[in-house]
Amino acid sequence: MVETFAIGSLGCNCSLVYERDSRRAVVIDPGDDPEALLQAVGERGLKVTQLLHTHAHFDHIGGSDAVKRRLDVPILLHRDDEELYRRLQEQGLMFGIPVPPPGEVDQFIEEGFEVALGGRKLLTTIHTPGHSPGSCCFYTEVTGEPLLFAGDTLFRQSVGRTDLPGGDAYALIRSIKQRLFELPDESYVVPGHGEHTTLHAEQRHNPFL
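Each residue of the sequence shown is one higher than the one before, starting from 6 at the first, in the numbering used here.
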């Protein structure tokens with residue numbers, strides 16, 4: 006099962022990927038409103054095993070340490086975003102939003118890292134630098150159809166910002182064209198914010214590409 010909902014101060018798309026029977030779950034981009042996420046997890050009776058992050062901007066990871074401590078689950082992040090994560094509170098100040106200090110990253114992920122649930126491969130990591138140095142997307146076919154969690158790398162009719170610390174416009178476009186557009190055209194895309202899309206639509210109609 007996959008459920009996605011907007012959460013937190015900037016409407017980050019948080020996704021719950023879970024097994025219907027066991028209720029074991031992975032959270033992708035917990036956002037910065039831990040109480041809202043904990044409520045959603047509790048209402049569904051989920052047993053969260055990992056907090057997985059597409060990148061370390063505060064609106065995607067600001068509440069992760071609180072969720073980690075409440076549920077006793079690990080934080081996973083690409084190593085290239087470690088410094089960005091350490092500056093979590095500085096990020097919040099840029100937007101006038103208070104952010105708690107970061108906790109510890111429990112496991113650093115990299116290109117090709119596979120996320121498993123109950124011994125079954127669930128998601129594959131694609132390192133897509135550009136929006137941030139450690140930005141990653143997560144690909145799966147566990148629902149029977151190709152599905153991409155794109156974070157802030159690719160949006161419907163847009164792409165991620167590159168004017169924030171660590172951003173690189175050339176790297177971003179290269180990541181999209183050389184990594185994401187190699188995936189099946191029919192892949193359904195869950196971006197980090199806003200409406201869902203498909204790779205087919207973005208290949209043909211995205212004005213930035």
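Glycine included, each C-beta is placed from N, C-alpha and C at the ideal position.
Item, Value
"Own chain partners of Q96 with C-beta closer than 6 Å, once the 5 adjacent residues on each side are dropped", "F63"
"Touching by the beta-carbon criterion (3+ pairs, under 8 Å), the region 79 to 93 and the region 129 to 145", "yes"
"N-terminal and C-terminal residue of the alpha helix (DSSP H) that S140 is part of", "Note, S140: premise wrong, no alpha helix (DSSP H); not H, not E."
"When S163, D37, S69 are compared against L177, the one with the closest alpha-carbon", "S163"
"Cβ pair count under 8 Å reaching 3, the region 50 to 61 against the region 99 to 106", "no"
"Any 3 or more C-beta pairs closer than 8 Å across the region 44 to 53 and the region 134 to 149", "no"
"Proximity test, Cβ basis, 7 Å: T54 and chain B", "Within the model displayed, chain B is absent; a lone protein chain is all it includes."
"For F118, the three-state DSSP class (helix, strand or coil)", "coil"
"P107 to E87 span [Cα, whole Å]", "10 Å"
"Those residues which DSSP pairs with A11 across a bridge", "N18"
"C-beta contact flag for G68 and D38 at 7 Å", "yes"
"DSSP state of V110 mapped onto helix, strand, coil", "coil"
"Residue(s) in a DSSP beta bridge with P196", "G156"
"Nearest-angstrom Cα separation, counted from L204 out to G171", "25 Å"
"Local Cβ density within 10 Å of G117, reported as buried at 16 or more and exposed below that", "exposed"
"Coil, strand or helix - Q55 by DSSP", "strand"
"Cutoff 7 Å; reference V78; Cβ partners in own chain excluding five residues on either side", "V53, T54, Q55, L56"
"Burial state of D26, where buried means 16 or more other Cβ atoms lie within 10 Å", "exposed"
"Residues that DSSP places opposite R29 in a beta bridge", "K52"
"Helix, strand or coil at I131 [DSSP, three-state]", "strand"
"Straight-line Cα distance separating L98 from L152", "34 Å"
"Neighbourhood of L76 by C-beta, 7 Å cutoff - its chain only, sequence neighbours within 5 removed", "V53"
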